[in-house]
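Residue 516 is where the sequence shown starts when you use my numbering, and the numbers rise one by one after that.
Note that beta-carbon positions come from the ideal geometry of N, C-alpha and C, so glycine has one too.
Here the structure comes first, spelled out in structure tokens, and everything after it is commentary.
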Amino acid sequence: MNRILTDRVATIIVVLWYCVGVAGFMIPPLRPLFQLLTPWGMLGAVLLLMYFHEPKNLKSWLAFAGIALIGFFAELIGVNTQRIFGHYVYGEALGFKLWNTPLTIGINWLVLVYCISSIAKTIRDRWYFPLVGAAAMVAFDWVMEPVAVAVGMWNWPEGSIPLKNYMDWFLVSGFLFLMIRILKIEINNRIAGILLLMQVVFFLALNLLIRTPLWDL
516 MNRILTDRVA TIIVVLWYCV GVAGFMIPPL RPLFQLLTPW GMLGAVLLLM
566 YFHEPKNLKS WLAFAGIALI GFFAELIGVN TQRIFGHYVY GEALGFKLWN
616 TPLTIGINWL VLVYCISSIA KTIRDRWYFP LVGAAAMVAF DWVMEPVAVA
666 VGMWNWPEGS IPLKNYMDWF LVSGFLFLMI RILKIEINNR IAGILLLMQV
716 VFFLALNLLI RTPLWDL
């Protein structure tokens, strides 16, 4: 099938978007603008993934919607009861909130679970796939957390990120990967790998930057 948007063009867009994002957050006067753009970038990422997703069928769409909803409601319970992830509060950088929970946070869960599942497709039928996927999610969260706090996505009122956050990330994401395995959801996507790589680069770069005096200029 001929695509309006080719893999190469999409790859260029993804690389440029995250590189511009790093540059934008590096420049203090531009940070408020890039905070406003953050939810749109997340929405663009999931739309791009769904555009290149194969096979396109109702089973896949329902599974992906389920992942986003489970991620959203896990965060909703967490932020309102502190029983999942710990005591944290969302800022304004992730956009519109419903019951103190940004609607885009479900998208974030979907994008990460989807991309990791895509690049780990050779082990998707193995019993240990949910464990590997969950470990990858926790590693990503460990890199993301300091940056998310620094740019106003969320904060931890008690000052430090609790171990419970990472334990619950492992459990929730492990369940989502298990769901993909049990339902035998096929995920083939030629841009998922580069999108995940650029997200890692984005958060690693800003992770280093926030530890330098340049961040407070």
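Roughly how far, in whole angstroms, is the beta-carbon of I585 from the beta-carbon of S632, given that I think they are within contact range, below 8 angstroms? Between I585 and S632, the beta carbon gap of about 14 angstroms keeps them out of contact (Cβ cut-off 8 angstroms).
Could you please give the first and the last residue of the uninterrupted alpha helix (DSSP H) stretch that includes F717? It spans A707 to L724 - the alpha helix (DSSP H) in which F717 sits, taken as one unbroken run.
Helix, strand or coil for K612? Go by DSSP, reduced to three states. strand
Can you find a CB in chain D that lies within less than 7 angstroms of the CB of W657? Looking for chain D here will not work: only one protein chain is present.
First through last residue of the alpha helix (DSSP H) which encompasses K738: Given that the chain is displayed from residue 516 to residue 732, the structure contains no residue 738 and the question cannot be resolved.
What's the C-alpha gap between L552 and V715? Their Cα atoms are separated by approximately 18 angstroms.
Could you give the C-beta distance for K679 and F600, rounded to a whole number, given that I count them as a contact under 8 angstroms? 7 angstroms
What are the uninterrupted segments assigned as alpha helix (DSSP H) that are 4 or more residues long and contained completely in the region 611–686, given in chain order? 619–634 and 644–665
With distance defined between alpha-carbon atoms, name the residue in A707, F690, T727 and H602 nearest to E673. H602
Backbone secondary structure at Y533 - three-state DSSP: helix
Rounded to the nearest angstrom, what separates M659 and P570 at their Cα positions? 30 angstroms
Reduced DSSP secondary structure (H/G/I, E/B, other) of Y603: coil
Please tell me whether A525 and I700 are closer than 7 angstroms, where the distance is taken between their beta carbons. no
Starting from T553 and walking both ways along the alpha helix (DSSP H), at which residues does that stretch end? R546 to F567
Beta-carbon gap between M606 and G667 smaller than 7 angstroms: For the sequence presented, residue 606 should be read as Gly rather than Met. It is a contact, given that the beta carbons lie within the stated cut-off.
Leaving out five residues on either side along the sequence, give the residues of the same chain with a beta carbon under 7 angstroms from the beta carbon of N724. It should be noted that the sequence gives Leu, not Asn, for residue 724. Taken in chain order, the residues that qualify are M541 and W730.
Can at least three beta-carbon pairs, one atom from the region 589–596 and one from the region 649–656, be found at a separation below 8 angstroms? With the cut-off at 8 angstroms, the region 589–596 and the region 649–656 do not touch.
Beta-carbon within less than 6 angstroms of F718's beta-carbon, same chain only, minus the 5 sequence neighbours each way: which residues are those? V658, M659 and V662
Straight-line Cα distance separating N704 from H568: 5 angstroms
So, are the CB atoms of V628 and L691 less than 7 angstroms apart? yes
Thinking C-alpha only, which one of V687, F655 and M557 is nearest R598? Of the candidates V687, F655 and M557, the one whose C-alpha sits nearest the C-alpha of R598 is V687.
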